[in-house]
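Numbering (UniProt numbering), first residue to last: 1 to 1058.
Put into structure tokens, the structure is as follows:
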């Protein structure tokens, strides 16, 4: 700051508002002083040149700038001098640096904001209708300070009362009065606003302030209450306490001696409804008649609820009255406001029939008078007084399920009686129909109540009535007769309490009446009877003394009942009654059965039949030479002996039909224990299913997979892919999936050809045909084992019967022999199943094989130990001679050795000429390696023994599960195709450079053990032009090594090729 400087620009400040002054301090050379040393030694002063007033300012220095605050206290234009004073110097000239500023100080502009004094924001101001409400409005400047009274700024205030939201009240807006007056206080500017509302409710006044181009508004809320009550509108009466839920009180009348609620709308002189009760006033009621005489009235609990004045009142006298409603001030009782005078009608309450009391006896006798007494009550639960004017005329309706009420007249009579206190209605009722009755009583408004009465029959005047089902009946037919007791009104009388129960007796007719049972059911006497003889009967009811009862006689005609062909039956009879599981075989001579004939009522047919009237048929063919005899102790039953030998062959359940007089009995005879040979059902058990799928029913998955069955199926059907076998869920069945490779094959060049549907079907049918051999074999073998168990059971029975006879017990001498015969029949049938299984399993494993190969898989061989035990048992019994025992043992051995029997048939039928033509003069016997047997290789020892001892043939092992018998050895001088087998490592192989009588060493033994195991050829045949060599599985192509070939060793060089 220079020593003295003056600015020509005029600044503007506002009165009373702090302003910030900024200036810089320079030294005498014009350099900026950034910081004063010891700032406490300096003061910043401001001087009003016109008034010569000096002010000390608050200040601070920051970055070479002095910041000072100044609040003007005067208004107008002038020159301000700012001085920096050094307090350490005494000379004012030397210590002062100054700066002069022309300045204009103004009052702050007026702000549109305002404040209402004596009223709280967001709080309703309460007032009465027609009363003035005065409040002040304060203005503020833009800095939030009250506007000064001398301010020349102009602010305009607009006061506007808002209309009511109710549409019906908007026409009264012009009646509202608003005044505003400008007032001045000591310092500030204010307005006084006066508002007067005449319409009660929530009201609003909108204050709007305009300051220049800006404006703002404020809403003031008033709760306007009604003024002093003036009159009463919409007066009506409501009576509560009715016990009849359907009763609706008349709002224009009152009921005598009942509290009613007088309701009306209380309004002031401006038609404002009083919403809240005022504690300054009392409600008074005054009752008088037409001539002005005051009557008694009780009232209480005056209140205002839901904008309605409510007063409880009760009047004891009936008729027309005047009711005056007044209002008095509590502080000034003499000040009375007459609100309303109304005409009221007081009447008696109507009758409430359901709430009345009924006195009567709930049981009565038909035809007797029933007295019913009714004490009537009104709808408010009060008994009707004797002076009541209520209409008590009643009517009645008789309810019954009986349709004959007109025949026996029933009546209801009413009579009204009065006593000293109340009314009584007497009802006389006469009911003639018994049962649970209901009398419905109606009032004039058709409101009803039901009176239950139990009417009992008149037992003093009763008669019996008998009901018969028919006039014609069959012999043996059960008839049910009913007898009921009725009074003179046809009411059924209870009979279960009677001591003298009548009986049914015969007055005339044959001696064939049989009364089975007499009982009581549903208040009736039920008599069950039938007639044993045909004829006409006259019957009636009689008491214990034998006296015939009136109107109970009747006649009935009885005749023979016809034969019922549907209920008659024929049953099989075992030879011994205690042996119910006796089997029946097709080779039996005959069997016994019993024909039981029934009539249409289920009784035995009593008519005698000639023997030639009964015929028996099987498979639509009459059975000749049957023997018929009537059962001596049972009527309608006939014993029949039916010859059966060679009549029924392979049938699972043969049926026999019986004919009587040429009409067939509907129930056939099915032999329950028929045991014969059952052929395997190919169509039902094995079916082609969808594409490349075969379903086998009643077979396990393991039965198809076991014993190398899948590989054999692939061999027969020439399949390259693998078959898949799955078990079907929830069934004892298996699903066989053929490989998809079977429907397409590749040609040279990589082109693929798909098989036609006919070719695919032929392949599937071929697979099914070979599979059927396996399924039949498994089925027949399983049935054979089951029959073996049955045979053993009957064998034990025969032994047990022999023991009982030996001990002296009487059971019949033929019983042991009978059991033995059944055992032998089971054994014969078991052999038949074994033979069938042998043929099927042989066909399965030998299909598509040359005569030079035979496969004995799955065939049985006999256990010699068990056979020797059986031989000792036969010899120990002594029933057979030595020759007979030997013959039987040989038969068992021949039957049990299925593998030897088939091998013998092949050797006997071997065509040597064809074998020479095919260059295969040998027989390879596949016996199996024993993997599927409990004892290893059961077939091979039997085959070796048979070849060596019986046939005197030489054989050699081809592998673990095969032997070969060579009938003629190869004699050619050229190399040939030979097959070899190493007994050390059990390895077979084939070679196309085989020589007669020359060995080849095992490649595996040579490679792994460095052992030269010499093996001579088992089979040799000339090489073919199209000969293909397939090495042993897992071996791969093996080179022809000179040190492993006997011919190469002999020549000292590789043997020549063809």
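Ideal Cβ placement from N, Cα and C applies to all residues, glycine included.
Could you please give the first and the last residue of the uninterrupted beta strand (DSSP E) stretch that includes residue i?
i	result
residue 426	423-430
residue 564	563-573
residue 321	319-329
residue 912	First-last for residue 912: 912-917, but that is the alpha helix (DSSP H), not the beta strand (DSSP E).
residue 362	It is not in any beta strand (DSSP E) - residue 362 carries neither H nor E in the DSSP assignment.
residue 11	11-14
residue 263	260-268
residue 157	156-161
residue 189	189-196
Since residue i and residue j are thought to touch, with beta carbons under 8 Å apart, how far apart are those beta carbons, to the nearest angstrom?
i	j	result
residue 591	residue 616	About 11 Å; that fails the 8 Å criterion.
residue 735	residue 707	Not confirmed; about 20 Å, so no contact.
residue 103	residue 10	7 Å
residue 1023	residue 977	5 Å
residue 495	residue 481	The Cβ separation is near 14 Å, so there is no contact.
residue 1021	residue 919	4 Å
Of the residues the options, which one's Cα is nearest the Cα of residue i?
i	options	result
residue 664	688, 675, 620, 672	620
residue 273	226, 810, 202, 241	226
residue 889	629, 902, 875, 815	875
residue 818	588, 445, 551, 34	588
residue 332	282, 298, 636	282
residue 897	914, 908, 867, 915	867
residue 193	206, 202, 200, 199	206
residue 58	709, 1003, 44	44
residue 595	547, 542, 660, 379	660
residue 246	235, 445, 289, 62	445
residue 839	881, 458, 67, 901	901
residue 636	704, 712, 562, 586	562
residue 771	758, 460, 841	841
residue 623	638, 643, 483	643
residue 430	417, 612, 416, 370	370
residue 521	497, 538, 512	497
residue 634	608, 462, 417	608
residue 951	971, 471, 905	905
residue 500	111, 549, 309, 512	549
residue 190	983, 149, 775	149
residue 994	1040, 544, 1013, 700	1040
residue 666	651, 673, 658	658
residue 833	845, 40, 679	679
Mind checking which residues open and close the alpha helix (DSSP H) that includes residue i?
i	result
residue 794	757-806
residue 830	815-846
residue 1046	1046-1051
residue 446	Where residue 446 is concerned, there is no enclosing alpha helix (DSSP H), given that its DSSP letter is neither H nor E.
residue 869	864-877
residue 902	898-908
Would you list the one or two residues that DSSP bridges to residue i?
i	result
residue 214	211
residue 994	976
residue 957	963
residue 534	Per DSSP, none; premise fails for residue 534.
residue 581	Beta-bridge pairing links residue 581 to no other residue.
residue 695	687, 735
residue 465	484
residue 658	616
residue 305	308
residue 247	For residue 247, which the question treats as bridged, DSSP gives no partner whatsoever.
Cβ pair count under 8 Å reaching 3, the region 301-320 against the region 255-271:
yes
Spell out a yes or no on whether the region 318-327 and the region 352-363 are touching, meaning 3 or more CB-CB pairs, one atom from each, closer than 8 Å.
no
Tell me, please, whether the region 144-155 touches the region 217-232 by the rule of three or more beta-carbon pairs shorter than 8 Å.
no
How do the region 785-803 and the region 712-725 stand: do at least 3 beta-carbon pairs fall below 8 Å, yes or no?
no
Between the region 443-461 and the region 520-534, do at least 3 Cβ pairs fall closer than 8 Å?
no
Count the C-beta pairs between the region 984-1001 and the region 936-951 that are closer than 8 Å, then say yes if the count reaches three, no if not.
no
Should the region 67-77 be regarded as contacting the region 20-34, the criterion being three or more beta carbon pairs within less than 8 Å?
yes
Give a yes or no on contact between the region 879-893 and the region 951-960, applying the rule of three or more CB pairs nearer than 8 Å.
no
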